[in-house]
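**Q** Supplied in structure tokens, the structure appears directly below.
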Amino acid sequence: MNESEPSGVPELETAHLRLRAYRADDVEPMFALYSDPRVMRYWSFPPWVEIAQARIYINRCLAGMDSGEIFPWAIADRDSDRLIGALTLFSLHADQLRAEIGYSLSPDFQGRGLATEALQSGLAYAFDELGLVRVEADIDPRNEPSCRLLERIGFEREGLLRKRWRVNDEVCDSAFYGLLVEDFIRAEENPSAFNQPARAHDH
């Protein structure tokens, strides 16, 4: 990892999205995202019930971003710049050149290939700019669309962690996925791999 990498997250643009740092006006759309039971069905914590939770979350992300501990992006619609999802690189281990990734997308924007677009951009930054060699993801194995999404990008399912999460009195397993830099399938290398959009919501 490049130790001289400045704090904060860079703004990344794709055909339809802008991945940018969180702002104060993201509180309401962030609360709408994480209070939606459809988004939170396979998440590691229950849906939010108070808008203050969104403020706390954003402030925590900004603090982590400034310290370089995490790379939290707001997934924003490129035209309106309104937050429609989130993408985060976290659990960064500079000495081991690896991190974890998590993502979510508003149901109103699912099924259009936007989750793939966001992941492609964030992963390219992780590998090409941060110099990571491995990225991991923790998925509820019942969340089949999200599992398929990762597999199309090159992630390999490496194991099943039984009874790992307890959310709203429900015990959940975790499917553990890993992606090596040499296995990363970039959109320009194999466009046909991304013909089937998937819903995205992950721990």
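Take any residue in the sequence shown, note its place counting from 1, add 19, and you have its number in my numbering.
Cβ coordinates follow ideal geometry from the N, Cα and C atoms, glycine included.
Note that the structure is a prediction, hence the values are computed from the model and not measured.
According to DSSP, residue 232 sits in a beta bridge with which residue or residues?
**A** Residue numbering for the chain in the displayed model covers 20 to 222; residue 232 lies beyond these limits and cannot be assessed.
**Q** Please state whether DSSP places residue 148 in a helix, a strand or coil.
**A** For this step, residue 148 is matched to residue 129 along the sequence shown. Note: residue 148 maps to coil in three-state DSSP.
**Q** Go through its chain and collect everything with a Cβ distance to residue 180's Cβ below 7 Å, but skip five positions before and after it.
**A** Here residue 180 refers to the residue found at position 161 of the sequence shown. Result list for residue 180: 192, 193, 195, in chain order.
**Q** Span of the beta strand (DSSP E) holding residue 73?
**A** Counting from one through the sequence shown, the residue named residue 73 turns up at place 54. Where residue 73 is concerned, there is no enclosing beta strand (DSSP E), although the alpha helix (DSSP H) it sits in stretches over 70 to 86.
**Q** Can you tell me where the beta strand (DSSP E) with residue 201 in it begins and where it stops?
**A** Your numbering for residue 201 matches position 182 in the sequence shown. No beta strand (DSSP E) holds residue 201; DSSP gives it neither H nor E.
**Q** In the structure shown, what three-state DSSP assignment does residue 31 receive?
**A** For the purposes of this step, residue 31 is taken as residue 12 along the sequence shown, with counting starting at 1. Here residue 31 sits in strand by DSSP.
**Q** Shortest alpha-carbon distance to residue 170 belongs to which of 51, 139, 182?
**A** By one-based count along the sequence shown, residue 170 stands at place 151. Checking every option, the nearest Cα to that of residue 170 belongs to 139.
**Q** In whole angstroms, what is the alpha-carbon distance linking residue 50 and residue 56?
**A** Here residue 50 corresponds to residue number 31 of the sequence shown, with the count starting at 1. Here residue 56 corresponds to residue number 37 of the sequence shown, with the count starting at 1. Approximately 12 Å between the Cα atoms of the pair.
**Q** Measure the Cβ-Cβ separation of residue 246 and residue 165 and say whether it is below 9 Å.
**A** Past the boundaries of the shown model lies residue 246; the chain is included only from 20 to 222, so the question cannot be answered.
**Q** In terms of alpha-carbon separation, which member of 48, 60, 82 lies closest to residue 71?
**A** In the sequence shown, the residue the question calls residue 71 occupies position 52. Of the candidates 48, 60, 82, the one whose C-alpha sits nearest the C-alpha of residue 71 is 48.
**Q** Note down, in chain order, each residue of its chain lying with its Cβ closer than 8 Å to the Cβ of residue 185, except the 5 sequence neighbours on either side.
**A** Taking the sequence shown and counting its residues from 1, one reaches residue 185 at position 166. Correct list, in chain order: 191.
**Q** Got a sec: is the Cβ-Cβ distance from residue 84 to anything in chain B below 9 Å?
**A** Of the chains in the structure shown, none is chain B; there is only one protein chain.
**Q** Would the beta-carbon of residue 154 fall within 9 Å of that of residue 105?
**A** Sequence index remark: in the sequence shown, residue 154 carries index 135 (1-based). Sequence index remark: in the sequence shown, residue 105 carries index 86 (1-based). Not a contact, by the Cβ cut-off of 9 Å.
**Q** Quick test of your reading: residue 38 and residue 30, contact by CB under 8 Å. State the CB separation rounded to the nearest angstrom.
**A** As a first step, residue 38 is located in the sequence shown; it is residue number 19 there, counting from the start. As a first step, residue 30 is located in the sequence shown; it is residue number 11 there, counting from the start. The pair is a contact, with the Cβ atoms about 7 Å apart (cut-off 8 Å).
**Q** Within 10 Å of its beta-carbon, does residue 90 have 16 or more other beta-carbons around it, so buried, or fewer, so exposed?
**A** Taking the first residue of the sequence shown as 1, we reach residue 90 at position 71. Counting of Cβ neighbours within 10 angstroms places residue 90 among the buried residues, the total reaching 16 or more.
**Q** Considering only the alpha carbon of each residue, which of 127, 62, 66 lies closest to residue 158?
**A** Translated into the one-based positions of the sequence shown, residue 158 becomes position 139. Answer by Cα proximity: 62.
**Q** In terms of residue numbering, what span does the alpha helix (DSSP H) encompassing residue 168 cover?
**A** Taking the first residue of the sequence shown as position 1, residue 168 is located at position 149. Where residue 168 is concerned, the enclosing alpha helix (DSSP H) stretches over 163 to 172.
**Q** Sorted by chain position, which residues of the same chain lie with C-beta nearer than 7 Å to residue 78's C-beta, five sequence neighbours on each side aside?
**A** The count along the sequence shown starts at 1 and reaches residue 78 at position 59. For residue 78, where only same-chain residues beyond five positions count, there are no Cβ hits under 7 Å.
**Q** Mind reading off the beta-carbon distance from residue 28 to residue 40? Whole number of angstroms is fine, and I expect it under 8 Å.
**A** Counting from one through the sequence shown, the residue named residue 28 turns up at place 9. Counting from one through the sequence shown, the residue named residue 40 turns up at place 21. Between residue 40 and residue 28 the Cβ distance is about 5 Å, and since that is below 8 Å, they are a contact.
**Q** Residue 144 to residue 205, Cα distance in whole Å?
**A** The residue labelled residue 144 in the question sits at position 125 within the sequence shown. The residue labelled residue 205 in the question sits at position 186 within the sequence shown. The straight-line gap from Cα to Cα measures roughly 12 Å.
**Q** Going by the beta-carbon positions, is the gap between residue 103 and residue 85 smaller than 9 Å?
**A** Mapped onto the sequence shown, residue 103 falls at position 84. Mapped onto the sequence shown, residue 85 falls at position 66. No, the Cβ-Cβ distance between residue 103 and residue 85 is not below 9 Å.
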